[in-house]
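Asks: Sharing a structure here in structure tokens format.
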Amino acid sequence: MTKEEIIEKGTVVYQKAPLMNDNPMHYCPGCSHGVVHKLIAEVIQEMGMEEKSIGISPVGCGVFIYNYIDIDWQEAAHGRAPALATAIKRLLPDRLVFTYQGDGDCAGIGTNETIHALNRGENIVIIYINNAIYGMTGGQMAPTTLLGQKTVTCPYGREPKLNGFPLKLTEIAAQLEGTSYVSRQSVQSVAAIRKAKKALRHAFDVSMQGKGSCFIEFVSTCSSGWKMIPEKSNKWMEENMFPYYQLGDLKDE
Amino acid sequence: MGKIHGAVVVDTERCKGCNLCVVACPTNAIELTQTEVNHKGYPFCHDVRPDACIGCASCAIVCPDACITVYKLKEE
Numbered sequence: 001m002t003k004e005e006i007i008e009k010g011t012v013v014y015q016k017a018p019l020m021n022d023n024p025m026h027y028c029p030g031c032s033h034g035v036v037h038k039l040i041a042e043v044i045q046e047m048g049m050e051e052k053s054i055g056i057s058p059v060g061c062g063v064f065i066y067n068y069i070d071i072d073w074q075e076a077a078h079g080r081a082p083a084l085a086t087a088i089k090r091l092l093p094d095r096l097v098f099t100y101q102g103d104g105d106c107a108g109i110g111t112n113e114t115i116h117a118l119n120r121g122e123n124i125v126i127i128y129i130n131n132a133i134y135g136m137t138g139g140q141m142a143p144t145t146l147l148g149q150k151t152v153t154c155p156y157g158r159e160p161k162l163n164g165f166p167l168k169l170t171e172i173a174a175q176l177e178g179t180s181y182v183s184r185q186s187v188q189s190v191a192a193i194r195k196a197k198k199a200l201r202h203a204f205d206v207s208m209q210g211k212g213s214c215f216i217e218f219v220s221t222c223s224s225g226w227k228m229i230p231e232k233s234n235k236w237m238e239e240n241m242f243p244y245y246q247l248g249d250l251k252d253e
Numbered sequence: 254m255g256k257i258h259g260a261v262v263v264d265t266e267r268c269k270g271c272n273l274c275v276v277a278c279p280t281n282a283i284e285l286t287q288t289e290v291n292h293k294g295y296p297f298c299h300d301v302r303p304d305a306c307i308g309c310a311s312c313a314i315v316c317p318d319a320c321i322t323v324y325k326l327k328e329e
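Read top to bottom, the protein sequences are chains A and B. Mapping the first sequence onto this note's numbering, position 179 (from 1) lands on 179, and the numbers just tick up by one. Mapping the second sequence onto this note's numbering, position 35 (from 1) lands on 288, and the numbers just tick up by one.
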């Protein structure tokens, strides 16, 4: 049987979500951002919320997400996405409002906004991409950089005496009264991606039901920042990030 | 039970040659090009053993650039 016959007579098993447009993504080869973008587009489509979703894009590599997914977007100042999301959700409560932030944006400059928005129990979803490094600016040490991990600003490895300890923002979020669903996921394999998609769907559903804030972390790779090929980055993440940032649901009420 | 045939179509201009699809493929049906590159200069994914494809869509699910479409046909 030829390829043409299979395409003509067969069924489509997987295709790019129609909500994603044809703009080529600016991310480095193998970047986890792309997979999370796909999941967001697929989940919004499944929920039928194409016309009723508003995303807040961050400062960082993820800033151009508004170029790739055809829903309404608003760009926030660095770290201020949860504050903007709060305003949008309060003005338009029937919309699905979510922020998409990296670890520098969410756990670095915007920790204050993140924690207070979650503590107020705003009905928003915060999608937090944790790749343990500042990818966009050239691989500097982030609050989430692991102990001993080498970056351009800690070339001998992160030292707790000098640089402190990696921040577990998801654990902090789980402690807050305002949060309803807190989860940590990853997107390095087919099984992990399927699980992450379910978690994302659940988070969006919970926020639309008005049960409180949802916080979902994606442990991700940064091949360029870590200076590894994508395959090796995934392996490095499994070996080094997962023991510290343990996957699973931390809170589901 | 009929044999399952799969086919992958790659948007080669969108592909960045990250190799994650090749690692994810359970039947080694796809590989990166050795000598050919796209307009951006990246080697791209193509099906070297189309008969081996079972249409499981693992490659498409892990693709960060959403450049793979997968078709499946069950032979009765």
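Just so you know, even glycine gets a beta-carbon here, dropped at the ideal spot from N, CA and C.
Kindly list, in the order they appear in chain A, the residues whose Cβ is closer than 7 Å to that of B:Gly-308.
Replies: As a working mapping, residue 308 of chain B is identified with position 55 in the second sequence. The answer, in chain order, is Val-13.
Asks: Using a 10 Å radius around the Cβ and a threshold of 16 neighbouring Cβ atoms, would you call A:Asn-130 buried or exposed?
Replies: Counted from its first residue, the first sequence places residue 130 of chain A at position 130. Counting Cβ neighbours within 10 Å, A:Asn-130 comes out buried, since at least 16 surround it.
Asks: Can you tell which of B:Val-315, B:Glu-289, B:Lys-327 has its C-alpha closest to the C-alpha of A:Val-187?
Replies: Within the first sequence, residue 187 of chain A is the residue found at index 187, counting from 1. Selected option, being the one with the closest Cα: B:Val-315.
Asks: Could you please tell me which residues of the region 285-317 of chain B, in chain order, have their CB closer than 9 Å to any CB of chain A?
Replies: From the region 285-317 of chain B, only Lys-293, Tyr-295, Asp-300, Pro-303, Asp-304, Cys-306, Gly-308, Cys-309, Ala-310, Ser-311, Cys-312, Ala-313, Ile-314, Val-315, Cys-316, Pro-317 have a Cβ closer than 9 Å to chain A.
Asks: State yes or no: is the C-beta of B:Ile-257 within less than 7 Å of the C-beta of B:Ile-307?
Replies: Counted from its first residue, the second sequence places residue 257 of chain B at position 4. Counted from its first residue, the second sequence places residue 307 of chain B at position 54. Cβ atoms of B:Ile-257 and B:Ile-307: closer than 7 Å.
Asks: Could you give the distance in angstroms between the alpha-carbon of B:Tyr-295 and the alpha-carbon of B:Glu-284?
Replies: Here the question's residue 295 of chain B lines up with position 42 in the second sequence. Here the question's residue 284 of chain B lines up with position 31 in the second sequence. Between B:Tyr-295 and B:Glu-284, the C-alpha separation is close to 13 Å.
Asks: Can you give me the start and stop residues for the alpha helix (DSSP H) that A:Leu-169 sits inside?
Replies: Against the first sequence, residue 169 of chain A aligns to sequence position 169. 169-175 is the span of the alpha helix (DSSP H), which, as asked, contains A:Leu-169.
Asks: Find out if the Cβ-Cβ distance for the pair A:Gly-212, A:Ser-180 is shorter than 7 Å.
Replies: What you label residue 212 of chain A is simply residue 212 of the first sequence in a count that begins at 1. What you label residue 180 of chain A is simply residue 180 of the first sequence in a count that begins at 1. Contact: yes.
Asks: Short of 8 Å in beta carbon distance, which residues of its chain neighbour A:Asp-70, apart from the five on each side in sequence? Order them along the chain.
Replies: For the purposes of this step, residue 70 of chain A is taken as residue 70 along the first sequence, with counting starting at 1. Excluding sequence neighbours, A:Asp-70 sits near Leu-19, Met-20, Asn-21, Glu-50.
Asks: Going along the chain, which unbroken runs of the alpha helix (DSSP H) with 4 or more residues stay wholly within the region 36-92 of chain A?
Replies: List check, alpha helix (DSSP H) in window: 81-91.
Asks: Just reading off the beta strand (DSSP E) that A:Leu-250 is part of, what are its end residues?
Replies: Against the first sequence, residue 250 of chain A aligns to sequence position 250. From DSSP, the beta strand (DSSP E) with A:Leu-250 extends over 248-252.
Asks: Determine the burial state of A:Gln-149: buried for a count of at least 16 other Cβ atoms within 10 Å of its Cβ, exposed for fewer.
Replies: Translated into positions along the first sequence, residue 149 of chain A becomes position 149. Result: buried.
Asks: Which term fits A:Gly-34, buried or exposed, when burial requires 16 or more other beta carbons within 10 angstroms of its beta carbon?
Replies: Locating residue 34 of chain A in the first sequence gives position 34, counting from the first residue. A:Gly-34 should be labelled buried.
Asks: In angstroms with no decimal places, state the Cα-to-Cα distance between A:Tyr-66 and B:Asp-318.
Replies: Locating residue 66 of chain A in the first sequence gives position 66, counting from the first residue. Locating residue 318 of chain B in the second sequence gives position 65, counting from the first residue. The alpha-carbon atoms of A:Tyr-66 and B:Asp-318 are separated by roughly 15 Å.
Asks: Identify, in the order they occur along the chain, each residue of the same chain with its Cβ nearer than 7 Å to the Cβ of B:Leu-326, setting aside the five sequence neighbours on each side.
Replies: For the purposes of this step, residue 326 of chain B is taken as residue 73 along the second sequence, with counting starting at 1. So the list reads His-258, once near-sequence residues are dropped.
Asks: I want to see whether chain B comes within less than 7 Å of A:Lys-38, judged by CB atoms only; does it?
Replies: Within the first sequence, numbered from 1, the residue matching residue 38 of chain A stands at position 38. Yes - at least one Cβ of chain B is within 7 Å of the one on A:Lys-38.
Asks: Quick check on the burial criterion: 16 or more other C-beta atoms within 10 angstroms. Buried or exposed for A:Asn-112?
Replies: Translated into positions along the first sequence, residue 112 of chain A becomes position 112. Exposed.
Asks: In the region 225-237 of chain A, which residues sit with their C-beta less than 8 Å from some C-beta in chain B, listed in chain order?
Replies: Taking 8 Å as the Cβ-Cβ cut-off against chain B, the residues of the region 225-237 of chain A that qualify are Ile-229, Pro-230, Glu-231, Asn-234.
Asks: Can you find a heavy atom of the ligand COA that lies under 6 Å from the Cβ of A:Leu-19?
Replies: With respect to small molecules bound, the structure shown includes none, and the ligand COA cannot be examined in it.
Asks: Does the Cβ of A:Val-97 have 16 or more other Cβ atoms within 10 Å, making it buried, or fewer, making it exposed?
Replies: By one-based count along the first sequence, residue 97 of chain A stands at place 97. Buried: at least 16 other Cβ atoms inside 10 Å.
Asks: Counting only C-beta atoms, is A:Met-136 closer than 7 Å to chain B at any point?
Replies: Here residue 136 of chain A is taken as the residue at index 136 of the first sequence, counted from 1. So no, A:Met-136 is outside the interface.
Asks: Let me see if you follow: with CB-CB separation under 7 Å, is A:Gly-34 close to chain B or not?
Replies: In the first sequence, the residue the question calls residue 34 of chain A occupies position 34. So, interface residue.
Asks: Tell me which residues share the same chain as A:Asp-64 and place their Cβ nearer than 7 Å to its Cβ, disregarding the 5 neighbours each side in the sequence.
Replies: As a first step, residue 64 of chain A must be located in the first sequence, where it is residue number 64. One detail in the question is off: residue 64 of chain A reads as Phe in this sequence, not Asp. Result list for A:Phe-64: His-26, in chain order.
Asks: Using the DSSP secondary-structure output, state which residues sit across from A:Asn-130 in a beta bridge.
Replies: Translated into the one-based positions of the first sequence, residue 130 of chain A becomes position 130. BP columns for A:Asn-130 point to A:Val-219.
Asks: Note down, in chain order, all residues in the region 101-133 of chain A with a beta-carbon under 8 Å from any beta-carbon belonging to chain B.
Replies: Answer in chain order: no residues at all.
Asks: Could you tell me the distance, in whole angstroms, from the CA atom of A:Leu-167 to the CA atom of A:Glu-75?
Replies: For this step, residue 167 of chain A is matched to residue 167 along the first sequence. For this step, residue 75 of chain A is matched to residue 75 along the first sequence. Taking the straight line from one Cα to the other gives about 25 Å.
Asks: If the criterion is Cβ atoms closer than 7 Å, does the pair A:Leu-250 and A:Ala-174 meet it?
Replies: Reading the first sequence from its first residue, position 250 is the one you call residue 250 of chain A. Reading the first sequence from its first residue, position 174 is the one you call residue 174 of chain A. Yes, they are a contact pair.
Asks: So is B:Asn-281 in contact with chain A if we call contact Cβ pairs under 7 Å?
Replies: As a first step, residue 281 of chain B must be located in the second sequence, where it is residue number 28. Cβ-Cβ to chain A under 7 Å: no for B:Asn-281.
Asks: Determine which residues of the region 263-280 of chain B have a Cβ less than 7 Å from any Cβ of chain A, and write them out in chain order.
Replies: Listed in sequence order: Arg-267, Lys-269, Gly-270, Cys-271, Asn-272, Leu-273, Val-276, Ala-277.
Asks: CB-CB under 6 Å to A:Ala-192, same chain, minus the five flanking residues each way: which ones, in chain order?
Replies: Here residue 192 of chain A corresponds to residue number 192 of the first sequence, with the count starting at 1. Cβ neighbours of A:Ala-192 beyond the five flanking positions: Ser-186.
Asks: Who are the near neighbours of A:Ile-54 in its chain, counting only those whose CB is closer than 6 Å to its CB and skipping five residues on each side?
Replies: If you number the first sequence from 1, residue 54 of chain A lands on position 54. Excluding positions up to five away in sequence, the list reads Asp-72, Ile-88, Arg-95, Val-97.
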